Amino acid sequence: MKRISLALTLMLFAAFQLASAKSKVSIDRVEPAFWWAGMEHPELQLLIHGKDISNLTPTLSYDGVQLDQTIKVDNPNYLFLVLKISEGVKPGSFPIEFKQKGKVVFTYNYEFKQRRDNSAGRQGFSNKDVMYLITPDRFANGIPENDTVDGLKEAADRSNMSGRHGGDIQGIINNLDYIQDLGFTALWVNPLLENDMETYSYHGYSTTDYYKIDKRFGSNEDYVRLSAEAKKRGIKLIMDQIENHCGLNHWWTNDLPTADWYNFQDLEKKPYSTHQRVSLADPYGSETDRKGHADGWFVDTMPDLNQKNELLANYLIQNSIWWVEFGDLGGIRQDTYSYPDANFMAEWSRRIMLEYPNFNIVGEEWSENPAIVSRWQKGKVNANGYESYLPSLMDFPVQAALKRSLNKEIAPYSNTFNEVYETLAEDFLYADPYNLVIFPDNHDTPRFFNQVNENYDLFKMGLMYIYTTRGIPQIFYGTEILMGNVDHPEDHAYIREDMPGGWEGDKANVFKGEGLSKEQKDALNFVKTLTTFRRDTPALHDGKLKQYAPANEIFVMFRYDESTKVMTIFNKNVEDKDVELAHYEESIQGAKSAKNVLTGETYDLSKGTLKVPGMTSLMLVIE
């Protein structure tokens, strides 16, 4: 039997009471379908959609709620209602009556729900967390019966690498203990909202309903259950959201509210984004270039949303807040952060942080230039006066520099770690570098094992760096077992390959530790040890960082607070090296011994040198 939740649909239609069977006016959507009492923002905008709905006059009566505006638009099938909400409004339901010639045609019972305890004070992910990233269609198939769903366009076909494979929310829930056991405390899941496209829909980035989980993943209630089960295990749930574009098959595409709901709404004459992100910061840049970047479409199947339309802007902002409240989220990851209207993104992040001051949002600005990335972070003083409210960003500059440092061949008079050393030295550009998300790879990049040409020593060295440096580490599912397709390292379909053991009959099962090679088992233990140690070591959260300029292919970093000092040494030489400790005395400060985090081995520092094996990194706790 297919598990297809109809809870929201039933709730919606149960609330519609037909007063006149002869009426040709109908309502099929109210979004958001409900809200919460006690929110900070004093207004709520309702989108009402139905055949000729603009012919009706809405009225309501509820203490603390006033119908402030009824907005009609070009399309008679839409009404937008703006409700003014008093600070003391109580949870409860009230009727919104839709009248025609003084007679009630429909009644929608709107509800203000009671919020969870301390919902406004919820703690978002932070540098105390280690984040695990999942592409849900490729992680684990908990309910095979929902792999293909009647009414949704694309059926499951695991033999098609670019097709849907059947991973779902239940598969994630079934393996939360595995994620917890590895030490992860935050879970970023690629988009789960409905993506009803004909092909290539598994990735989730072409939203076709902003208020509904895709039935092939589960239901809205399943999503709330995932959040609750993760929370029981000390894991925060991070939702992947997209404000820049939707899917071409979104329910409103064939019945758009206004003539400017999409940028370049003539679907036959749309331009594509120039992807010139630098134009937004360029002091000499043209408005033509800025519009060419922000207003162009990504691809044919992803209409570019016009956030300069205030009705759409409010719709998107409220939707994000709705999911934080409904899903009890611990964070948002915002896709393609620099592509929507920049002023809208400032307001979007401001409104969310107004409701949840301790929350966190990480934005994707895929640039290797920290000057470009840093301008989006809250607290950054920009020359053009742009003020952002975004707390966190993905640290693509460090990710790219680390890859280059690891792969660069050793040559006379060079130090291959210089790239990542110098990139980190540019942290003065950021308002808060400790709140950046650092990562070796993600769902859009080649697998890290592929990036380092399947060199296991470099793989471990790279992860050791990620776990040592400032910020919030993020690990992509399967990195812990060296996933990476050698024949298709750049192909997204293979980058997001199935997690072994997520499907019945898989030859290997990472969740049970079965069928893995010796090297994979070693990598799994390596990641688990580092993740657990970082989770439990405050010096790696908020502790100060000190790095020493690379010399002779030796690179050393320290993280420390008043109680703990961690020293990480990278030796990229093929041969063993005796590291002269006197050079690092300002950090070691006379300490006589250190313990290896991975092995527990104790080292005598009083000898003045420390032998570091070739192509090895050591993480030591100075004692």
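Take the sequence shown: its letters are residues -21 to -1, 1 to 602, numbered as in mature numbering (1 follows the signal peptide of the UniProt record, and there is no 0).
We treat Cβ as the ideally placed atom computed from N, Cα and C, and that holds for glycine.
Nothing here was measured: the structure is a model prediction, and the numbers come from that model.
Beta-carbon proximity of residue i to residue j, cut-off 8 Å
i           : j      : result
Ile221      : Thr186 : yes
Arg354      : Ala472 : no
Ile217      : Gly150 : no
Arg117      : Leu155 : no
Thr510      : Gly162 : yes
Thr581      : Ser572 : yes
Val342      : Gln313 : The sequence given here has Gly at residue 342, not Val. Yes; because the gap between Cβ atoms is below 8 Å, this pair is in contact.
Gly481      : Ala119 : yes
Phe59       : Leu26  : yes
Leu519      : Glu459 : no
residue 675 : Thr280 : Outside the displayed range of the chain (-21 to 602) lies residue 675, so it cannot be described from this structure.
Thr232      : Asn288 : no
Tyr257      : Lys194 : For the record, residue 257 in the displayed sequence is Val; it is not Tyr. Cβ distance not < 8 Å, so Val257 and Lys194 don't count as in contact.
Tyr409      : Gln356 : yes
Glu173      : Lys132 : no
Tyr413      : Asn106 : yes
His20       : Arg330 : yes
Lys525      : Ser566 : yes
Thr448      : Val545 : no
Phe196      : Pro282 : no
Tyr157      : Phe490 : yes
Lys69       : Ala16  : yes
Asp147      : Ala135 : no
Glu366      : Ala321 : no
Buried versus exposed call for residue i [16 or more other C-beta atoms within 10 Å across all chains shown]
i           : result
Phe407      : exposed
Ile284      : Here residue 284 is Leu; the residue named in the question, Ile, does not match the sequence. Leu284 is buried by the Cβ-count criterion.
Pro336      : exposed
Arg95       : exposed
His224      : buried
Asp108      : buried
Pro123      : exposed
Tyr251      : exposed
Gln93       : exposed
His272      : buried
Lys486      : exposed
Ser585      : exposed
Asn242      : buried
Gly226      : buried
Thr588      : exposed
Ala(-1)     : Confidence is the limiting factor: at Ala(-1) the pLDDT is only 38, short of 50, which leaves the residue's position unreliable, though a coordinate-based value still follows. Flag for Ala(-1) reads exposed.
Gln48       : exposed
Leu198      : For the sequence presented, residue 198 should be read as Ser rather than Leu. Under this definition Ser198 is a buried residue.
Asp583      : exposed
residue 621 : Within the shown structure, residues of the chain are numbered from -21 to 602, placing residue 621 beyond reach of any answer.
Supposed contact pair residue j and residue i - C-beta distance, whole angstroms, cut 8 Å
i      : j      : result
Ile113 : Asn54  : Not a contact, Cβ separation roughly 38 Å.
Val203 : Gly306 : 6 Å
Leu46  : Leu35  : At roughly 13 Å, the Cβ-Cβ gap does not stay under 8 Å, so Leu46 and Leu35 are not in contact.
Val576 : Val600 : 6 Å
His144 : Tyr181 : 7 Å
Gly121 : Ile152 : 7 Å
Leu461 : Glu498 : 7 Å
Tyr89  : Phe104 : In fact, because the Cβ distance is near 32 Å, the residues do not count as touching under 8 Å.
Contact with chain E by residue i, beta-carbon distance below 8 Å
i     : result
Phe73 : Among the chains in the structure shown there is no chain E, since it carries only a single protein chain.
**Report entry** Contained beta strand (DSSP E) runs [length at least 3] in the region 475 to 554, N- to C-terminal order
**Finding:** 523 to 530, 533 to 539 and 544 to 550
Report task. May I have a chain-ordered list of the alpha helix (DSSP H) segments no shorter than 4 residues that lie completely inside the region 339 to 366? Result -> 349 to 353
Query raised in the report: Do three or more CB pairs link the region 393 to 409 to the region 552 to 564 at distances below 8 Å?
Result: Not touching, per the Cβ criterion.
Requested in this report: Give a yes or no on contact between the region 415 to 429 and the region 376 to 387, applying the rule of three or more CB pairs nearer than 8 Å.
Outcome: Because the criterion of three Cβ pairs below 8 Å is met, the region 415 to 429 and the region 376 to 387 touch.
Query raised in the report: Taking the runs of the beta strand (DSSP E) that are 3 residues or longer, which of them lie wholly in the region 227 to 315?
Result: 310 to 313
Query raised in the report: Is it a yes or a no for the region 387 to 399 touching the region 422 to 440, going by three-plus beta-carbon pairs under 8 Å?
Result: no
Report task. Decide if the region 23 to 35 is in contact with the region 51 to 68; the criterion is three or more beta carbon pairs, one per stretch, under 8 Å apart. Result -> yes
Query raised in the report: Which runs of the beta strand (DSSP E) fall wholly inside the region 40 to 86 and span at least 3 residues, in chain order?
Result: 44 to 51, 57 to 64 and 71 to 79
Query - Three CB pairs or more closer than 8 Å across the region 206 to 215 and the region 5 to 17 - result: Result no; under three Cβ-Cβ pairs closer than 8 Å.
Query raised in the report: Counting pairs of Cβ atoms below 8 Å between the region 344 to 351 and the region 325 to 336, do you hit three or more?
Result: no
Query - Validate contact between the region 95 to 106 and the region 430 to 443 using beta carbons, cut 8 Å, 3 pairs - result: no
Query raised in the report: What alpha helix (DSSP H) runs, 4 residues minimum, are completely inside the region 415 to 469?
Result: 427 to 430 and 435 to 447
Report task. Examine the Cβ distances between the region 283 to 302 and the region 253 to 269 and report whether three or more of them are shorter than 8 Å. Result -> no
Query raised in the report: For the 8 Å Cβ check, are there 3 or more pairs between the region 583 to 600 and the region 546 to 553?
Result: yes
Query - Sequence ranges, alpha helix (DSSP H) only - wholly within the region 124 to 154, length at least 4 - result: 148 to 153
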